[in-house]
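Structure, as structure tokens:
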Amino acid sequence: MKKILVIVLLLVLGISSIIGVNQVYAQTYSASLILDPISSQVKSGDEIIFSGRLITSDGQVIPQRTVYIKDDVDFGTDTILGSVVTDGNGEFAASWTAIPRSSGSYDLYAVFEGDDYVQKTRSKTYNVYVNEGSSNNSGSNTKQYPNYYETKISLDKIQSSIFAGESITFTGKLNSNGNPVSNAIIKIMEDDPLSPDQLLSSGRTDSSGRFSISWQASKGLVETDFDIYATFDGDSNYLKARSNNQILGVLRHTGSITLDTIPKSTNMGDRITFSGTLELNQGSSEGAVVYIKDEDPFTGDDLLATAYVDRNGKFTASWFVTDVDADGEADIYAVFEGNDVYYRLATCDLGATMDYGGSCLHTIPIQIYYKEQKPVQPSQGNSNQQYMKLFYSLDFTKNPRVAIVPSPDDYNEAKKYIIPAQEGIQMWKTYLSNKYGGNWNIDFEVITPDKLFFANKPDVI
Numbered sequence: 006m007k008k009i010l011v012i013v014l015l016l017v018l019g020i021s022s023i024i025g026v027n028q029v030y031a032q033t034y035s036a037s038l039i040l041d042p043i044s045s046q047v048k049s050g051d052e053i054i055f056s057g058r059l060i061t062s063d064g065q066v067i068p069q070r071t072v073y074i075k076d077d078v079d080f081g082t083d084t085i086l087g088s089v090v091t092d093g094n095g096e097f098a099a100s101w102t103a104i105p106r107s108s109g110s111y112d113l114y115a116v117f118e119g120d121d122y123v124q125k126t127r128s129k130t131y132n133v134y135v136n137e138g139s140s141n142n143s144g145s146n147t148k149q150y151p152n153y154y155e156t157k158i159s160l161d162k163i164q165s166s167i168f169a170g171e172s173i174t175f176t177g178k179l180n181s182n183g184n185p186v187s188n189a190i191i192k193i194m195e196d197d198p199l200s201p202d203q204l205l206s207s208g209r210t211d212s213s214g215r216f217s218i219s220w221q222a223s224k225g226l227v228e229t230d231f232d233i234y235a236t237f238d239g240d241s242n243y244l245k246a247r248s249n250n251q252i253l254g255v256l257r258h259t260g261s262i263t264l265d266t267i268p269k270s271t272n273m274g275d276r277i278t279f280s281g282t283l284e285l286n287q288g289s290s291e292g293a294v295v296y297i298k299d300e301d302p303f304t305g306d307d308l309l310a311t312a313y314v315d316r317n318g319k320f321t322a323s324w325f326v327t328d329v330d331a332d333g334e335a336d337i338y339a340v341f342e343g344n345d346v347y348y349r350l351a352t353c354d355l356g357a358t359m360d361y362g363g364s365c366l367h368t369i370p371i372q373i374y375y376k377e378q379k380p381v382q383p384s385q386g387n388s389n390q391q392y393m394k395l396f397y398s399l400d401f402t403k404n405p406r407v408a409i410v411p412s413p414d415d416y417n418e419a420k421k422y423i424i425p426a427q428e429g430i431q432m433w434k435t436y437l438s439n440k441y442g443g444n445w446n447i448d449f450e451v452i453t454p455d456k457l458f459f460a461n462k463p464d465v466i
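Positions 6 to 466 (our numbering) are the ones given, in order, by the sequence shown.
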């Protein structure tokens, strides 16, 4: 058996050595893309040769991968000049006929966008000026560019990940021929191949050419791994420089949410109390806003009730049953909506809900029945037996806190009712004040969709 295992292992290793980075192992390799030096000044019509090699970080060749040659465009989508496929040795070579740029220099680089087995990597950037005069023209027709000093920028190694909302400081150095470049503007950028690169933060170099620039991390629209680099755009004396990319994972905090058992059926007008637990893996969940909703696949979900999470992570909320769906069935779930720092947590999804949405397949169905109500007989005089059911009372030792919660899924439609709701409560306050005197003031809080936590524990929601 040992001989068989050794033979199999040798066979696998032999295949790996033949095809380089391959699909035998389901792992991702880090890579390095080398672009051979390019002349900093050429003439219009000259042929520029782009050559180099794509290898793994431990020196293995990476064959049959597409490498793009691009011009780095500030605050715009980088221009693709061409593409080339690496050969069996991981090497590539391609040519491009130089044409003048509308202004400034070309900032040329090679990039491999990555795949399932090899991570994205980008070469050093070369600043190239294209002279407007043809190589066959006399010098009198040639526009001469000023002599700029080449620069080199380095970005110190950064941590592999950070949580959204936390701060990170990027440090590094800008020099020219070994001499520090002071008071230069340095930008920390996020490399996005499909849209303009995003400016994260900026700062200046000190007298020793070093920079220290802070950024408070925020989540990306789609990606969680940011390709970070530092750049100097150049000035009247120095050429542009750009550091290598480094990957920074921007994470969000998660947690869990549960909803306790509820009845399988109910009648319209009945009162149902929902309860459950919300736990966050960072910080306390006390004061968090939890919505109880009826899931609708084609429209905004119906808000049934809103709950305040107590110091133990528990929540409760009541709903007076109404007919919310035409089929007579409500599909119930509880949700903590999340934001840039916290993932959305819903009882109808397994795990945290991603930005592109969840399936919400695990709702709890409640069948709603119509129960004919007996008409209320008019009172025959004052029998001292009239009463109303009191769910709770307020002692008014402080101003009662009333939270008004428009439906987050239909906020633009619901927000026009915020002021009328406040005015209606104020009318009660005025009536009580006129009849009984004293202080009947009320403190309001409006829970907009961007609020994850109540400012204060409400007495009424």
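Ideal Cβ placement from N, Cα and C applies to all residues, glycine included.
Original post:
So Ile373 packs on Ile267, CB below 8 angstroms; how close in whole Å?
Top reply: Mapped onto the sequence shown, residue 373 falls at position 368. Mapped onto the sequence shown, residue 267 falls at position 262. Contact doesn't hold; Cβ gap of about 12 angstroms is too wide.
**OP:** Check whether the Cβ atoms of Ile193 and Phe175 sit closer than 8 angstroms, and answer yes or no.
**Re:** The residue labelled residue 193 in the question sits at position 188 within the sequence shown. The residue labelled residue 175 in the question sits at position 170 within the sequence shown. For Ile193 and Phe175, yes; Cβs fall inside 8 angstroms.
**OP:** Measure the alpha-carbon distance for Ala419 versus Thr311 and round it to whole angstroms.
**Re:** Position 414 of the sequence shown, counted from the first residue, corresponds to residue 419. Position 306 of the sequence shown, counted from the first residue, corresponds to residue 311. Cα-Cα distance, rounded: 15 angstroms.
Original post:
Just the Cα atoms here: how many angstroms apart are Ser364 and Asp197?
Top reply: For the purposes of this step, residue 364 is taken as residue 359 along the sequence shown, with counting starting at 1. For the purposes of this step, residue 197 is taken as residue 192 along the sequence shown, with counting starting at 1. The alpha-carbon atoms of Ser364 and Asp197 are separated by roughly 28 angstroms.
Original post:
What does Arg106 pair with, by DSSP beta-bridge criteria?
Top reply: In the sequence shown, the residue the question calls residue 106 occupies position 101. Answer by DSSP bridge pairing: none, since Arg106 is not bridged.
**OP:** Indicate whether the contact test is met: 3 or more Cβ pairs, each with one atom in the stretch 323-343 and one in the stretch 431-441, closer than 8 angstroms.
**Re:** no
Subject >> Touch test, the stretch 38-55 against the stretch 95-111, Cβ-Cβ under 8 angstroms, three pairs minimum >> reply: yes
Subject >> Start-to-end residues for the beta strand (DSSP E) that takes in Asn272 >> reply: Working through the sequence shown from its first residue, we reach residue 272 at position 267. Start and end: 270-272.
**OP:** Measure the alpha-carbon distance for Glu137 versus Ile104 and round it to whole angstroms.
**Re:** Residue mapping note: residue 137 aligns to position 132 of the sequence shown, counting from 1. Residue mapping note: residue 104 aligns to position 99 of the sequence shown, counting from 1. For Glu137 and Ile104, the distance between alpha carbons rounds to 8 angstroms.
Subject >> Reference Leu86, options Asn184, Thr61, Val72, closest by Cα >> reply: The residue labelled residue 86 in the question sits at position 81 within the sequence shown. Nearest C-alpha to Leu86: Val72.
Original post:
Quick one: Cα of Leu160 to Cα of Asn249, how far?
Top reply: Counting from 1 along the sequence shown, the entry for residue 160 is found at position 155. Counting from 1 along the sequence shown, the entry for residue 249 is found at position 244. Cα to Cα, the separation comes out at about 8 angstroms.
**OP:** Determine, using beta carbons only, whether Val326 and Asn404 come nearer to each other than 8 angstroms.
**Re:** Mapped onto the sequence shown, residue 326 falls at position 321. Mapped onto the sequence shown, residue 404 falls at position 399. No, Cβ-Cβ distance for Val326 and Asn404 is not below 8 angstroms.
Original post:
Which value, in whole angstroms, describes the spacing of the CA atoms of Thr61 and Asn188?
Top reply: Within the sequence shown, numbered from 1, the residue matching residue 61 stands at position 56. Within the sequence shown, numbered from 1, the residue matching residue 188 stands at position 183. For Thr61 and Asn188, the distance between alpha carbons rounds to 37 angstroms.
Original post:
Is the beta carbon of Thr282 sitting closer than 8 angstroms to the one on Gly260?
Top reply: The count along the sequence shown starts at 1 and reaches residue 282 at position 277. The count along the sequence shown starts at 1 and reaches residue 260 at position 255. Result no, Cβ atoms of Thr282 and Gly260 do not sit closer than 8 angstroms.
Original post:
Anyone know if the C-beta pair for Val255 and Ala293 falls short of 8 angstroms?
Top reply: Counting from one through the sequence shown, the residue named residue 255 turns up at place 250. Counting from one through the sequence shown, the residue named residue 293 turns up at place 288. No, the pair does not count as a contact, with Cβ atoms beyond the cut-off.
Original post:
Do you know how far the Cα of Thr321 is from the Cα of Tyr467?
Top reply: Here the chain comprises residues numbered 6 to 466, so residue 467 is not present and cannot be evaluated.
Original post:
Can you name the start and end residues of the beta strand (DSSP E) that Ile53 belongs to?
Top reply: For this step, residue 53 is matched to residue 48 along the sequence shown. Where Ile53 is concerned, the enclosing beta strand (DSSP E) stretches over 52-61.
**OP:** Ignore the nearest five residues each way along the sequence and tell me which others in Gly225's own chain have a CB closer than 7 angstroms to its CB.
**Re:** Indexing the sequence shown from 1 puts residue 225 at position 220. Cβ neighbours of Gly225 beyond the five flanking positions: Phe231, Val255.
**OP:** Give me the Cα-Cα distance between Asp92 and Val66, rounded to the nearest whole angstrom.
**Re:** Within the sequence shown, the letter at position 87 stands for residue 92. Within the sequence shown, the letter at position 61 stands for residue 66. Rounded to the nearest angstrom, the two C-alpha atoms are 9 angstroms apart.
**OP:** Within the stretch 439-465, note down every full beta strand (DSSP E) run reaching 3 residues or more, in order along the chain.
**Re:** 448-451
**OP:** Quick one: residues in its chain with C-beta nearer than 6 angstroms to the C-beta of Tyr348, no 5 flanking neighbours on either side, listed in chain order?
**Re:** Here the question's residue 348 lines up with position 343 in the sequence shown. Hits under 6 angstroms: Arg257, Thr259, Ala357.
Subject >> Distance CB(Glu195)-CB(Ile167) smaller than 8 angstroms >> reply: Walking along the sequence shown from the start, residue 195 turns up at place 190. Walking along the sequence shown from the start, residue 167 turns up at place 162. Not closer than 8 angstroms, so no.
**OP:** Could you pull out every residue in the same chain whose Cβ sits closer than 8 angstroms to the Cβ of Leu244, ignoring the five residues on either side in sequence?
**Re:** Numbered from its first residue, the sequence shown carries residue 244 at position 239. Taken in chain order, the residues that qualify are Ser45, Ser110, Asn132, Tyr153, Tyr154, Glu155, Thr156.
**OP:** Would you mind giving the Cβ-Cβ distance between Gln427 and Ile409, rounded to the nearest angstrom? I have them listed as a contact below 8 angstroms.
**Re:** Along the sequence shown, one-based indexing puts residue 427 at 422. Along the sequence shown, one-based indexing puts residue 409 at 404. Between Ile409 and Gln427 the Cβ distance is about 7 angstroms, and since that is below 8 angstroms, they are a contact.
**OP:** Just tell me which of Tyr34, Pro425, Gly214, Ser181 has its CA closest to the CA of Glu118.
**Re:** Taking the first residue of the sequence shown as 1, we reach residue 118 at position 113. Taking only the C-alpha atoms, the option nearest Glu118 is Tyr34.
Original post:
What are the boundary residues of the alpha helix (DSSP H) that Ala419 is part of?
Top reply: Reading the sequence shown from its first residue, position 414 is the one you call residue 419. Start and end: 416-419.
Subject >> Beta carbon of Tyr313 nearer than 8 angstroms to that of Phe459 >> reply: Along the sequence shown, read from residue 1 onward, the residue named residue 313 stands at position 308. Along the sequence shown, read from residue 1 onward, the residue named residue 459 stands at position 454. For Tyr313 and Phe459, yes; Cβs fall inside 8 angstroms.
Original post:
Pick from Gly442, Glu377, Val346: whose alpha carbon is nearest that of Ser172?
Top reply: Counted from its first residue, the sequence shown places residue 172 at position 167. Closest by alpha carbon: Val346.
Original post:
Excluding five sequence neighbours on each side, which residues of the same chain lie with their C-beta closer than 8 angstroms to the C-beta of Pro370?
Top reply: Counting from 1 along the sequence shown, the entry for residue 370 is found at position 365. Cβ neighbours of Pro370 beyond the five flanking positions: Lys269, Glu334, Ala335, Asp336, Ile337.
Original post:
Comparing alpha-carbon positions, which option in Asn446, Leu309, Pro413, Gly177 lies nearest Thr402?
Top reply: Within the sequence shown, residue 402 is the residue found at index 397, counting from 1. When only C-alpha atoms are compared, the closest one is Asn446.
Original post:
Roughly how many angstroms lie between the CA atoms of Asp77 and Val135, to the nearest whole one?
Top reply: For the purposes of this step, residue 77 is identified with residue 72 of the sequence shown, where counting begins at 1. For the purposes of this step, residue 135 is identified with residue 130 of the sequence shown, where counting begins at 1. In a straight line, the C-alpha of Asp77 is about 15 angstroms away from that of Val135.
**OP:** Note down, in chain order, each residue of its chain lying with its Cβ closer than 6 angstroms to the Cβ of Asn461, except the 5 sequence neighbours on either side.
**Re:** As a working note, residue 461 is residue 456 in the sequence shown. Excluding sequence neighbours, Asn461 sits near Arg406.
**OP:** May I have the straight-line CA-CA distance separating Asn532 from Ala246, to the nearest angstrom?
**Re:** Given a span of 6 to 466 for the chain in the structure shown, any question on residue 532 remains unanswerable.
Subject >> Where the beta strand (DSSP E) containing Val90 begins and where it ends >> reply: Your numbering for residue 90 matches position 85 in the sequence shown. From DSSP, the beta strand (DSSP E) with Val90 extends over 84-90.
Original post:
Along the chain, where does the beta strand (DSSP E) that runs through Tyr3 open and close?
Top reply: Nothing in the structure corresponds to residue 3, since the chain is present only between 6 and 466.
**OP:** For Val26, I'd like the list of residues in its chain whose CB is within less than 7 angstroms of its CB, leaving aside the five on either flank, ordered along the chain.
**Re:** Mapped onto the sequence shown, residue 26 falls at position 21. Only weak support exists for where Val26 lies, its pLDDT of 46 falling under 50; the value from the coordinates is given anyway. Closer than 7 angstroms at Cβ, skipping near neighbours: Tyr34, Thr61, Gln65, Ile67, Tyr122, Val123.
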